[in-house]
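Everything below concerns the one structure shown next.
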Amino acid sequence: GAVVSQHPSWVICKSGTSVKIECRSLDFQATTMFWYRQFPKQSLMLMATSNEGSKATYEQGVEKDKFLINHASLTLSTLTVTSAHPEDSSFYICSARPGDGELFFGEGSRLTVL
Amino acid sequence: QKEVEQNSGPLSVPEGAIASLNCTYSDRGSQSFFWYRQYSGKSPELIMFIYSNGDKEDGRFTAQLNKASQYVSLLIRDSQPSDSATYLCAVNEGGKLIFGQGTELSVKP
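Top to bottom, those sequences are chains A and B. Residue numbering for the first sequence follows this note's numbering, starting at 8 and increasing by one per position. Residue numbering for the second sequence follows this note's numbering, starting at 38 and increasing by one per position.
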């Protein structure tokens, strides 16, 4: 089946630094990828829709200047958490689908901001 | 704000019993519905999807959809301890999946 890969799986950083998370579709091209965030014991909250070659579409309440999304190719989207703070500590998960098929999730990236 | 509601649980059932997980959604125009299983610290994995009213069976899993009542459920027959996880209901809204808060299921040996 289709595979979506995220990197890094976990990252610890100091408050005020920026962190980049990569999401790759390994065996299909994805013009659209989705970024979710999940706090402990809570559900997945859609942050933004990443569109290849154009600007990302952010959900209400998500700061686009803080969560920078770049979808430069059909197989790669990146999420950069800028000036990270402890409240940004969360599980970030990307997803993508080949065509109109099943949505596949990456393994997730656990961010801890000290 | 389109919503997907689930009972957060935990739902505890004995091994071999039927586990019933429920989900309601607010957008009457929603067309497709998904059940995901998520183990602690892992990403969700798709169990089933359903588009049409009625039941859809896949092995020990049955999804039930009632669009008039805006209700979708997941039944797990012969529950196993390995089924212990959080089950997430999701609704397709214009290509985006909107998730419920998940129901934690515990299957006791």
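Note that CB positions come from ideal geometry on N, CA and C, so glycine has one too.
query                                                                                                                                   : result
Expected contact under 8 Å - CB spacing of arginine 74 of chain B and tyrosine 124 of chain B to nearest Å                              : 6 Å
Chain A contact for serine 80 of chain B (CB, 9 Å cutoff)                                                                               : yes
Unbroken beta strand (DSSP E) run spanning valine 111 of chain B, endpoints                                                             : Per the sequence shown, the amino acid found at residue 111 of chain B is leucine instead of valine. From DSSP, the beta strand (DSSP E) with leucine 111 of chain B extends over 108-113.
One or two residues paired with tyrosine 65 of chain A in a DSSP bridge                                                                 : A:Ala55
Same chain, Cβ closer than 6 Å to phenylalanine 98 of chain A, five either side skipped, listed in chain order                          : Gln45, Gly115, Arg117
contact_flag[the stretch 73-88 of chain A, the stretch 51-58 of chain A] where n(CB pairs < 8 Å) is 3 or more                           : yes
With 16 other Cβ atoms within 10 Å as the buried cut-off, status of glutamate 141 of chain B                                            : buried
Near-chain A residues of the stretch 110-126 of chain B (beta-carbon distance less than 8 Å), N- to C-terminal order                    : Leu125
Alpha carbon of proline 105 of chain A to alpha carbon of serine 32 of chain A, nearest angstrom                                        : 9 Å
Limits of the beta strand (DSSP E) - the one that threonine 119 of chain A falls within                                                 : 116-120
Those residues which DSSP pairs with glycine 91 of chain B across a bridge                                                              : B:Leu102
8 Å contact criterion, which alanine 56 of chain B and aspartate 120 of chain B should meet: CB distance rounded                        : 7 Å
Inter-residue spacing [alpha-carbon to alpha-carbon] between leucine 110 of chain A and glycine 23 of chain A                           : 33 Å
CB contact below 9 Å: serine 102 of chain A versus chain B                                                                              : yes
Cβ pair count under 8 Å reaching 3, the stretch 94-112 of chain B against the stretch 81-90 of chain A                                  : no
Residues of its chain near tyrosine 76 of chain B, where Cβ-Cβ distance is below 7 Å and the 5 sequence neighbours each way are ignored : Ala122
C-alpha distance - valine 135 of chain B paired with isoleucine 113 of chain B, whole-angstrom precision                                : For the sequence presented, residue 135 of chain B should be read as isoleucine rather than valine. Going by the C-alpha atoms only, they are around 22 Å apart.
Pick from A:Ile19, A:Val120, A:Trp17, A:Asp107 that is closest to alanine 37 of chain A, judged by C-alpha positions                    : A:Asp107
Cβ-based contacts, 7 Å cut-off: residues of the stretch 78-106 of chain A near chain B                                                  : Ile100
8 Å CB neighbourhood of lysine 145 of chain B in its chain, flanking five on each side removed                                          : Ser49, Val50, Pro51, Glu52, Pro118
Integer Cβ distance of valine 11 of chain A from cysteine 30 of chain A, believed to fall under 8 Å                                     : 7 Å
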